[in-house]
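J.: Before I ask anything, let me first share the structure, which is written out below as structure tokens.
In the numbering used here, the protein residues as written are 77 to 620.
This is the structure:
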């Protein structure tokens, strides 16, 4: 039975091939016949064109240039207002459904409603969970390259964070805390460090001053760890003292909240020091303790833990953590979406081959992995170019914009090695990530799994990222084909009109020469047909 079916399909394929060949032959004969029938009118047309005066060519080219110029102006105005080409919009919404049917027509959104949908996402800035140390990492980069790795806008946001989390109303009037309030706002690093030392002279147990020195004065991670351990010892004792009296007065509650923030911040930075020094097990334990002791602190500590677990290749624990935080009610991030995609790709990536998959189709597991990659790319489309090393990495900023280039840099900087460690994961990403854009051809107007892509990311990322970095823009605002085509047509016809006006006689000769060249192949084909086919047959067909 299988042999019979294979022979049947082989014959069917050969029959289809012969049918196409036969249709092409019939089509060619019909075209040649029409050319033969129109031979007389073509000769009359050639004679008519030869008798035209240069003024006619001037008027023709001038009118064509004017019309194409008006179309170009209208297309440009429509594109600046709605972000798409008018001709493309009309062809997609009205002409394409007539030709292809309404089911195949792409779903588009009225440009006038785009602004309402784009206001749904909020361009909120988040503290980078994996931000580096200014003294021992950012400053060393500046010494080596003579480039500023952080923008003033980014550092100013960090200063506001420190003022919010590391001080409270009860600190008003204390000299050391007033000095630190000014220190965070200083633009010069040396001025900040000097102010921190002055605060320590006023009070040797000024924890914010120790944090600033650990972050900015030290040049190695070991030195940063020493300062942080000293600060943690002080703040831990203060925190334990405020626990019993936290609910007595609003002032004591604010002091307790301040000490709570300091404990979480310092312990987290100590864990990050341990991570940089290669103490993975110690880091994982510290991060887990933080999540257990302070579950309500919204510092995205779970993203630090995910990165450490991936480094330790504890993929089952990563999956457990994702099951808790990759929830529909919780805000997403590039770390959540791309880690989920990595775990699903890990199950099939080592055996994935694009050639085999194109022949037999995707298996269930491969389809699941591809869908996870599409989901991650829809959330943040800037990440794949960094993971695939199509774009160079720089040091990540201290704040990130979700779904923006800053978040993509922060994720790829720390996670690219985890993707490289999984065999075939980057190959699967390379083969499938661009398919996301076919699913959402109009990302500013309509999304698939998330809100439409926000337009505010580009301007915010340019503020967050240094000037020497080329900010990734998605979707890239390129001029539509019809605007470029109309501009080229307008320029060409305008040039022809100018040349025809200045040199009417030579341009007329050029046009007649070109028309004669175009007529030469047709006349050659007609002569061959007259030589091959009987004259009476062509005469009878022409009469019919």
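Glycine included, C-beta positions come from ideal geometry on N, C-alpha and C.
Just the Cα atoms here: how many angstroms apart are residue 345 and residue 521?
T.: In the chain shown, the residue the question calls residue 345 occupies position 269. In the chain shown, the residue the question calls residue 521 occupies position 445. Looking at the two C-alpha atoms, the distance is approximately 40 Å.
J.: Going by CA-CA distance only, name the one from 320, 334, 338, 329 that's closest to residue 306.
T.: Counting from one through the chain shown, the residue named residue 306 turns up at place 230. Cα-wise, what sits closest to residue 306 is 338.
J.: Quick check on residue 341: buried or exposed, where buried means 16 or more other Cβ atoms within 10 Å of its Cβ?
T.: Residue mapping note: residue 341 aligns to position 265 of the chain shown, counting from 1. Label assigned to residue 341: buried.
J.: When the Cα atoms are used, what is the spatial distance from residue 486 to residue 216?
T.: Your numbering for residue 486 matches position 410 in the chain shown. Your numbering for residue 216 matches position 140 in the chain shown. So the two alpha carbons sit approximately 18 Å from each other.
J.: Can you give me the Cβ contacts of residue 233 inside the same chain, cut-off strictly under 6 Å, excluding the 5 residues immediately before and after it?
T.: If you number the chain shown from 1, residue 233 lands on position 157. Closer than 6 Å at Cβ, skipping near neighbours: 475.
J.: For the alpha helix (DSSP H) containing residue 545, name the first residue and the last one.
T.: Working through the chain shown from its first residue, we reach residue 545 at position 469. Taken as a continuous stretch (DSSP letters only), residue 545 belongs to no alpha helix (DSSP H), as it is neither H nor E.
J.: Buried or exposed: residue 269, going by 16 or more other Cβ atoms within 10 Å of its Cβ?
T.: One-based indexing of the chain shown puts residue 269 at position 193. Residue 269 is buried by the Cβ-count criterion.
J.: If you follow the beta strand (DSSP E) that residue 509 is in, where does it begin and where does it stop?
T.: For the purposes of this step, residue 509 is taken as the residue at position 433 of the chain shown. Segment: none, residue 509 is in no beta strand (DSSP E) and carries neither H nor E.
J.: Would you list the residues sitting across from residue 202 in a DSSP beta bridge?
T.: In the chain shown, the residue the question calls residue 202 occupies position 126. 476.
J.: Kindly list the residues whose CB is nearer than 7 Å to the CB of residue 469, restricted to its own chain and excluding five residues on each side of it in sequence; keep chain order.
T.: Taking the first residue of the chain shown as position 1, residue 469 is located at position 393. Same-chain partners within the cutoff: 462, 485, 488, 489.
J.: For residue 347 versus residue 363, is the C-beta spacing smaller than 8 Å?
T.: Position 271 of the chain shown, counting from 1, holds the residue named residue 347. Position 287 of the chain shown, counting from 1, holds the residue named residue 363. Yes, these two residues count as a Cβ contact at 8 Å.
J.: With 16 other CB atoms within 10 Å as the buried threshold, where does residue 335 fall?
T.: The sequence position of residue 335 within the chain shown is 259, counting from 1. With 16 or more other Cβ atoms within 10 Å, it is buried.
J.: Kindly indicate which three-state DSSP category residue 244 falls into: helix, strand or coil?
T.: The residue labelled residue 244 in the question sits at position 168 within the chain shown. Correct three-state label for residue 244: coil.
J.: Spatial neighbours of residue 395 within its chain, please: CB distance less than 7 Å, with the 5 preceding and 5 following residues excluded, ordered by chain position.
T.: Locating residue 395 in the chain shown gives position 319, counting from the first residue. Taken in chain order, the residues that qualify are 419.
J.: Over the uninterrupted alpha helix (DSSP H) stretch that includes residue 428, give me the two end residues.
T.: For the purposes of this step, residue 428 is identified with residue 352 of the chain shown, where counting begins at 1. Segment: none, residue 428 is in no alpha helix (DSSP H) and carries neither H nor E.
J.: Could you name the residues of the same chain whose beta carbon sits closer than 7 Å to that of residue 258, not counting the 5 residues immediately before and after it, in chain order?
T.: If you number the chain shown from 1, residue 258 lands on position 182. Same-chain partners within the cutoff: 271.
J.: Which word fits residue 81, buried or exposed, when buried means at least 16 other C-beta atoms lie within 10 angstroms of its C-beta?
T.: Walking along the chain shown from the start, residue 81 turns up at place 5. For residue 81, the predicted structure reports a pLDDT of 48, less than 50, and the residue's modelled location is therefore unreliable. A value from the coordinates is still provided. It counts as exposed.
J.: Which same chain residues, not among the five before or five after residue 467, have their C-beta less than 6 Å away from its C-beta?
T.: Taking the chain shown and counting its residues from 1, the one referred to as residue 467 is at position 391. 461.
J.: Could you give the DSSP three-state label for residue 516: helix, strand or coil?
T.: Translated into positions along the chain shown, residue 516 becomes position 440. Coil at residue 516, not helix or strand.
J.: For residue 251, report the span of its alpha helix (DSSP H) as first-last.
T.: As a first step, residue 251 must be located in the chain shown, where it is residue number 175. Element bounds for residue 251: 251-261.
J.: Beta-carbon within less than 6 Å of residue 212's beta-carbon, same chain only, minus the 5 sequence neighbours each way: which residues are those?
T.: Counting from 1 along the chain shown, the entry for residue 212 is found at position 136. So the list reads 294, 295, 296, 297, 300, once near-sequence residues are dropped.
J.: Rounding to the nearest angstrom, what Cα-Cα distance links residue 393 and residue 385 in this structure?
T.: Indexing the chain shown from 1 puts residue 393 at position 317. Indexing the chain shown from 1 puts residue 385 at position 309. Whole-angstrom Cα-Cα distance: 7 Å.
J.: How many Å lie between residue 194 and residue 480 at the Cα?
T.: The residue labelled residue 194 in the question sits at position 118 within the chain shown. The residue labelled residue 480 in the question sits at position 404 within the chain shown. Bear in mind that a pLDDT of 35 at residue 194, under 50, signals an unreliable position, so the number given afterwards is only what the model happens to contain. If you take the alpha carbons of residue 194 and residue 480, they lie about 15 Å apart.
J.: Given this structure, state the Cα-to-Cα distance separating residue 447 from residue 588, to the nearest angstrom.
T.: Taking the first residue of the chain shown as 1, we reach residue 447 at position 371. Taking the first residue of the chain shown as 1, we reach residue 588 at position 512. Straight-line Cα distance between these residues: approximately 59 Å.
J.: Determine whether the beta carbon atoms of residue 425 and residue 500 lie at a separation below 8 Å.
T.: For the purposes of this step, residue 425 is taken as residue 349 along the chain shown, with counting starting at 1. For the purposes of this step, residue 500 is taken as residue 424 along the chain shown, with counting starting at 1. Against a cut-off of 8 Å, the Cβ pair of residue 500 and residue 425 comes out as a contact.
J.: Measure the alpha-carbon distance for residue 352 versus residue 359 and round it to whole angstroms.
T.: On the chain shown, position 276 is the one that residue 352 refers to. On the chain shown, position 283 is the one that residue 359 refers to. Rounded to whole angstroms, residue 352 to residue 359 spans 9 Å at the Cα level.
J.: Considering only the alpha carbon of each residue, which of 491, 381, 518, 570 lies closest to residue 551?
T.: Locating residue 551 in the chain shown gives position 475, where the first residue counts as 1. Among 491, 381, 518, 570, the Cα nearest to that of residue 551 belongs to 518.
J.: What are the boundary residues of the alpha helix (DSSP H) that includes residue 337?
T.: As a first step, residue 337 is located in the chain shown; it is residue number 261 there, counting from the start. 326-352 is the span of the alpha helix (DSSP H), which, as asked, contains residue 337.
J.: Is the distance from the Cβ of residue 367 to the Cβ of residue 454 below 8 Å?
T.: The residue you call residue 367 lines up with position 291 of the chain shown. The residue you call residue 454 lines up with position 378 of the chain shown. Taking 8 Å as the Cβ cut-off, residue 367 and residue 454 do not qualify as a contacting pair.
J.: Could you name the residues of the same chain whose beta carbon sits closer than 7 Å to that of residue 539, not counting the 5 residues immediately before and after it, in chain order?
T.: The count along the chain shown starts at 1 and reaches residue 539 at position 463. Hits under 7 Å: 227, 229.
J.: Going by C-alpha distance, which of 379, 502, 343 is nearest residue 412?
T.: Here residue 412 refers to the residue found at position 336 of the chain shown. The candidate whose alpha carbon is nearest that of residue 412 is 379.
J.: Quick check on DSSP: helix, strand or coil for residue 300?
T.: Reading the chain shown from its first residue, position 224 is the one you call residue 300. In this structure, residue 300 counts as helix in the three-state DSSP scheme.
J.: If you follow the alpha helix (DSSP H) that residue 404 is part of, which residue opens it and which one closes it?
T.: Sequence index remark: in the chain shown, residue 404 carries index 328 (1-based). Taken as a continuous stretch (DSSP letters only), residue 404 belongs to no alpha helix (DSSP H), as it is neither H nor E.
J.: May I ask you to report which of helix, strand or coil DSSP gives residue 413?
T.: Translated into the one-based positions of the chain shown, residue 413 becomes position 337. The answer is helix: DSSP assigns residue 413 an H, G or I state.
J.: With a cut-off of 8 Å on the beta carbons, I'd call residue 267 and residue 275 a contact; round off their distance for me.
T.: Position 191 of the chain shown, counting from 1, holds the residue named residue 267. Position 199 of the chain shown, counting from 1, holds the residue named residue 275. So it is not a contact: roughly 13 Å between Cβ atoms.
J.: Considering only the beta carbon of each residue, do residue 383 and residue 458 sit closer than 8 Å?
T.: Position 307 of the chain shown, counted from the first residue, corresponds to residue 383. Position 382 of the chain shown, counted from the first residue, corresponds to residue 458. Not closer than 8 Å, so no.
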